[in-house]
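Novice:
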Amino acid sequence: MQWLHRWVSLVLVIQVALWLVSGLFFSLTGHHEMSGHQYMVSKNSEPPLKKIAPQIDVTEMHQRFPLAHSIELVSVAGVGQYQVSLPDGRLLYFNADTGERWSTDQALATQLALNSYNGPGQVERVERVKGSDEVNGWNASGFRIDIEDDLNTRIYIDEASSRVVEHRNTPWTIADWAFRLHFMDYTGGRSFNHLLIWSAGLFALWFSLSGLILLGRNITDGDFNPKRKKTWLEYFQQKGQPIASNCGGGGTCGLCKVTLQGSNIPSPKAADKALLSANELEAGTRLSCQHRTSSNYDVKLHNVGVDDIALTLDSKRQLTPSIMELTFVSSDPVSYEAGQFMQFRIPHINEILSRHYSVATRPHPTRFVFNIRQLPSPSEGVPPGVGSNYLCNLEAGARVDAVGPFGDFQLAKQNSHTQVFIGGGAGVAPLRALIQSELAAGSPRRCIFFYGARYEKELCYRDEFERDERLYYIPVLSEVAKSDEWAGHTGFVHEIAMKWLADENKNTLDVYVCGPPPMLKATLKSLADFGVPREQVRFDDFGI
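As C-alpha cells, then:
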C-alpha cells in the first residue's frame, strides 16, 4: 500500500501541476488569443440576398424535395446556394442558378479563405484535405489554405458547402495542447467525460482512502509523537553502531538484521515475514527498522566485527567491456567471511554516498578484490552511476574509506549437500568468493556453478572456473548471433539451472543466487516452484 500510495501520489501531483500551469496559461492568454481567429473577419461580407436573383425558384426546389425539413437560400461569393435539410439528417447543397449540386474548386476555396481573412499575409499553399486533427468533428473533404503571416494562419474550407470551417494558427496550437493537458483528453475533443479522467478520479479516491489508512497506522504506531521510542535501527545508527541499511528504514532491503533474545520478544512484522526465512524468524532474527527499542529483551547485532577500513587501490583491470576488477589493500588486517560486502563512502558534491560491493575472493586479511559494473549515462542529460564511475576512475595509490564487513550471504556449514551457485553479471563477485572458500576446504563438497551473461566476452573469470576440475562450470549466454561459434548453453541461466535441478534431490541442495534483479526474481520463483526448501536458498541483492 505504501509503495502504490507513493506512485499514485506522484501521478496526481504531476497532473495537478499540469492543471495549475494550463489554467494559469488560459487566464493570462485570454479567449481571443487562443481562438485562432485573430485575423478572421467577424461578419460575412457577402452581398444581401435581395441582390441575388436565383434562376431556380425555391418552389422548384421544394418540388424536388417535398419531404425536406428546410430549404434555405444563402449567398456564397455572390452566387446563390440552396441548402436542403433532409429527414435523415443530411444537408445537400445546390447552385441556385443551375440547380446542379454545388461544387467547390481550388480557386473558389482560395477566394473564400481570403474573404474571411483580414491579416497582413498572402496565400502560401493550397492543399486538398480529408478532415483535419485541428478541427474536431470535421471529417469531410475540403481545402487547407496556408497563409504566410506572423501567426502561420491556416484556413479550412468545406468542399461540399464552400463553408469556412475554421481558422487555425500557432497560438491556437499551443492553446490546444494546454486544453489537452488540462482536460486529460488527448483526442482534441476537450471533454471531461472520458476514461482517463474517470481513472484519475478513482486514483484520487484511492489515494485519499489509503492515505487515511496509513495515517491511522502511523498514529497508532506513535510516529507523530515527539516522545516516541526509536526503532532499533535508529538507535544503533545514532550510537554509531555497525548496522547496514539500504532503504532508510522502510522495511524493504532486509539488511538491518538483528537477533532478539529473551522470553518476551515481539512477533514478526509483515516485513520480517517477507524478507526472513522461517529458521531466522524462529531463531529470533528481526529487521531492526521494524521494532522499537524495549528493555524487555536483549538485542544482538549480526555484524559485530564491522569497523572503518582505509583502503588503497593497488591495481585494476578490465574483466569485461562493462565490469572492472579493483584490488585494494589495507594496512590493518580485516576479518571477514566469503560472500560479505563492504560499504564504500563515495564523495559526491557536498555529501558522502554509500555504495555496497561484495568481496570477490575468499578471505585475505589485507587484500580485497571487487568487481565494479561501470554504469554509463543511459541517455543525454542523465548522469552516469556516481559510485561505479568514481571507483573505476581511481588511479593506483588512491585511498577510499569503507565500512565493513556486512552481510550473511555465506556458505552453509556442517552438511554434505551439493553446493549450487547461480549468478549473472556482477553477481559473480560474492559467488566466486564462496566457490573459492569451498574449494579451499579440506574436503570440498560437490560444487555446480551456473553463470549467465549476454555475450561470450562478458563471461567473468571464465578461464579460472574452467581450469578447476573440482567445479562443474556451466556458462549460459542469453544473446548469441548466428555468426558466433558458441557451442554452449543459450537462453536464461535460471532455466538451464532448473533443467539440471529436475534430476536432483531437492533436499540435498544448498543454492546461492546473486545477479541482476530480474534474473534474481525469476530464479527465486523457479526454485520455489521446484520445491527447494526456503532454508536451503540464500541470495544477495544488496537490498535493491
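Sequence positions in the sequence shown follow UniProt numbering and run 1 to 544.
A virtual CB, placed ideally from N, CA and C, is assigned to each residue, including glycine.
1. Compare the Cα-Cα distances from residue 347 to each of 341, 355, 419 and report the closest residue.
2. Taking the beta carbon of residue 328 as the centre, do at least 16 other beta carbons fall within 10 Å, making it buried, or is it exposed?
3. Could you tell me whether the Cβ atoms of residue 110 and residue 145 are closer together than 7 Å?
4. Please list, in chain order, all residues of the same chain as residue 285 whose beta carbon is under 6 Å from its beta carbon, the five residues on each side excluded.
5. Given a cut-off of 7 Å on the beta-carbon distance, is the pair residue 190 and residue 36 in contact?
6. Going by the DSSP bridge assignment, what does residue 452 pair with across the sheet?
7. Under three-state DSSP, which class holds residue 458?
8. If you follow the alpha helix (DSSP H) that residue 235 is in, where does it begin and where does it stop?
9. Helix or strand or just coil, what does DSSP make of residue 306?
10. What runs of the beta strand (DSSP E), each 3 residues or longer, lie entirely inside the region 307–383?
11. Using only the alpha-carbon positions, how far apart do residue 202 and residue 196 sit?
12. Should residue 134 be labelled buried (16 or more other beta-carbon atoms within 10 Å of its own) or exposed?
13. Just the Cα atoms here: how many angstroms apart are residue 515 and residue 338?
14. Taking the straight line between their C-alpha atoms, what separation do you get for residue 412 and residue 419?
15. Give me, in chain order, the residues of the same chain whose beta-carbon lies closer than 6 Å to that of residue 452; leave out the 5 immediate sequence neighbours on both sides.
16. Which residue marks the beginning of the beta strand (DSSP E) containing residue 510, and which one marks its end?
17. Who are the near neighbours of residue 365 in its chain, counting only those whose CB is closer than 8 Å to its CB and skipping five residues on each side?
18. Taking C-alpha atoms, which residue in 240, 445, 456, 200 lies nearest to residue 10?
19. What's the gap between the Cα of residue 270 and the Cα of residue 32?
20. Quick check: residue 175 and residue 22, are their CB atoms within less than 7 Å of each other?
21. At the level of alpha carbons, what is the spacing between residue 301 and residue 241?
22. Sorted by chain position, which residues of the same chain lie with C-beta nearer than 8 Å to residue 62's C-beta, five sequence neighbours on each side aside?
23. Enumerate in chain order the residues of its own chain whose CB-to-CB distance from residue 127 is below 6 Å, with the five nearest sequence positions on each side excluded.
24. My assumption, with CB atoms under 8 Å, is that residue 297 sits in contact with residue 264. Please give the rounded CB distance.
25. Residue range of the beta strand (DSSP E) that residue 257 falls in?
Specialist: Short version:
1. The shortest C-alpha separation from residue 347 is found at 355.
2. Its Cβ being crowded by 16 or more others within 10 Å, residue 328 is buried.
3. The answer is yes: Cβ separation under 7 Å.
4. These residues qualify, in order along the chain: 257, 259, 276.
5. No. Outside cutoff.
6. In the DSSP secondary-structure assignment, residue 452 is bridged to 424, 476.
7. Three-state DSSP puts residue 458 in a helix.
8. Secondary structure note for residue 235: its alpha helix (DSSP H) is the uninterrupted segment 232–238.
9. Coil.
10. Those beta strand (DSSP E) runs which fall completely within the region 307–383 and span 3+ residues are 307–318, 323–330, 341–348, 351–358, 367–373.
11. Distance between the alpha carbons of residue 202 and residue 196 is about 10 Å.
12. The residue in question, residue 134, is buried, as its Cβ has 16 or more Cβ neighbours within 10 Å.
13. Rounded to the nearest angstrom, the gap between the Cα atoms of residue 515 and residue 338 is 16 Å.
14. About 9 Å.
15. Answer for residue 452: 424, 476, 493, listed in chain order.
16. Its beta strand (DSSP E) spans residues 509–514.
17. Taken in chain order, the residues that qualify are 333, 334, 335.
18. By alpha-carbon distance to residue 10, the top candidate from 240, 445, 456, 200 is 200.
19. In this model, residue 270 and residue 32 are separated by some 59 Å (Cα to Cα).
20. Remark: C-beta atoms of residue 175 and residue 22 do not approach each other more closely than 7 Å.
21. Straight across, the Cα-Cα distance linking residue 301 with residue 241 is about 9 Å.
22. Around residue 62: 68, 71.
23. 144, listed in sequence order.
24. With 8 Å as the limit, residue 297 and residue 264 qualify as a contact, their Cβ atoms being about 6 Å apart.
25. 257–261 is the span of the beta strand (DSSP E), which, as asked, contains residue 257.
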